[in-house]
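Here is the structure:
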């Protein structure tokens with residue numbers, strides 16, 4: 514038998530730098546794409562914040578026009594955050610610069626942590642961990658295991674459609690993957 518329950522994501526790099534190439538010339542088509550995301554890296558925090566916002570605007574416009582889920586499949590400081598002098602990367606770059614646009618984004622994913630010498634998500638006690646904690650605790654984001662999942666219309670819709678069966682009995686949304694913005 515064939516698998517019929519796969520979501521296909523299309524995730525070009527630097528989407529706002531060349532919208533025509535990213536979302537027209539190289540776009541495989543609505544018939545094969547469920548999710549449109551972007552990859553964005555920069556060696557400079559301010560440049561990354563600026564470009565993420567532009568990418569976010571391009572993605573959300575495309576998503577609305579073509580009825581697609583949008584997100585960021587990868588983003589971060591080009592060579593990792595371990596050498597950043599300022600500990601406010603997540604608080605400043607994500608929360609402050611992108612709060613409005615992120616309300617229209619379904620997920621944000623950082624690159625993998627390769628080692629204690631090269632990483633994109635802060636290690637415990639690392640100088641960026643305080644800003645990351647502010648990002649995690651913000652009302653603008655929901656992480657795995659966050660009880661606020663139950664407050665979302667999506668969760669309530671699933672729960673009400675199940676009748677007497679609770680949503681947690683069918684799918685544990687509390688530990689679902691990704692990040693969902695809260696309005």
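In this note's numbering, the protein residues as written are 514 to 696. Don't be surprised by glycine CBs; every beta carbon is placed ideally from N, CA and C.
- Under DSSP, the beta-bridge partners assigned to residue 526 are 552.
- In the structure shown, residue 642 adopts helical secondary structure according to DSSP, grouped into three states.
- Across the structure, residue 658 and residue 524 are spaced so that their CA atoms are roughly 26 Å apart.
- Residue 560 carries a helical assignment under DSSP once its states are collapsed to helix, strand and coil.
- Beta-carbon to beta-carbon, residue 633 and residue 594 are separated by about 6 Å, close enough to satisfy the 8 Å threshold.
- Here the alpha carbons of residue 526 and residue 562 stand approximately 15 Å from one another.
- Per DSSP, the unbroken alpha helix (DSSP H) holding residue 615 starts and ends at 610–615.
- When Cβ pairs closer than 8 Å are counted between the two stretches, the stretch 635–647 is seen not to touch the stretch 611–619, the count staying below three.
- The residue from 560, 580, 570 with its alpha-carbon nearest to that of residue 546 is 580.
- The three-state reading of DSSP puts residue 570 in helix, counting H, G and I together.
- Contact between residue 528 and residue 571 holds, with the beta-carbon distance rounding to 5 Å and staying under 8 Å.
- Distance from the CA atom of residue 655 to the CA atom of residue 664, rounded to whole angstroms, is 11 Å.
- Contact annotation: residue 558 and residue 606 have beta-carbon atoms nearer than 9 Å.
- Bounds of the beta strand (DSSP E) holding residue 590 are 582–590.
- Look at residue 621 here: in three-state DSSP terms it is strand.
- Here residue 631 is bridged, per DSSP, to 628.
- Taking 8 Å as the upper bound for CB-CB distance, residue 641 and residue 602 are in contact here, some 5 Å apart.
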